[in-house]
Amino acid sequence: MIRPVITGDPVLSPVMSIGQAPGIHEAKVMRPFGWTAGKTLFKWFEGIGLDEEAFRQRVYMSAVCRSLPHPSGLSTWPRTEPGKTLLQDALQAMAAHPAWQRLLETERRE
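Sequential numbering of the sequence shown, starting at 1, is according to full-length UniProt numbering.
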């Protein structure tokens with residue numbers, strides 16, 4: 001494992017985000033998804049109702065041990081089939097989940 005271990009702020013939440021393979025930049029900013037992958041991830045979540053700031057405040061974030069599963073570190077998975085369709089299906093299922101709906105309700109009230 002490459003150190004340091006990177007976790008988000010302590011948040012009591014019905015939703016957890018456990019990421020994979022944090023990169024070298026996350027170690028610099030000490031936040032999960034704090035660099036390029038985070039820009040993509042938070043764009044997806046914004047599409048189902050929470051921007052990055054709200055997500056980080058309401059969802060517990062952490063990561064598994066750092067490793068790079070793709071030799072280049074770049075994956076085409078969310079841009080090509082079947083990953084593209086699977087991603088959209090997963091985001092829609094997440095958006096419909098009661099725990100996600102509670103997060104959105106709390107965000108709208110504030």
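A virtual CB, placed ideally from N, CA and C, is assigned to each residue, including glycine. Quick caveat: nothing in here was measured; it's all calculated off a predicted structure.
Delimiting residues of the beta strand (DSSP E) encompassing Met61: 60-63
Beta-bridge pairing of Met94 - partner residues as DSSP gives them: BP columns for Met94 are empty, so no partner.
Nearest residue (CA-CA) to Thr7, options Gln101, Met16, Arg31, Pro98: Arg31
Counterpart residues of Met30 in DSSP-defined beta bridges: Its beta-bridge partners do not exist; DSSP assigns none.
Simplified DSSP state of Ile24, which is helix, strand or coil: helix
Helix, strand or coil at Gly83 [DSSP, three-state]: helix
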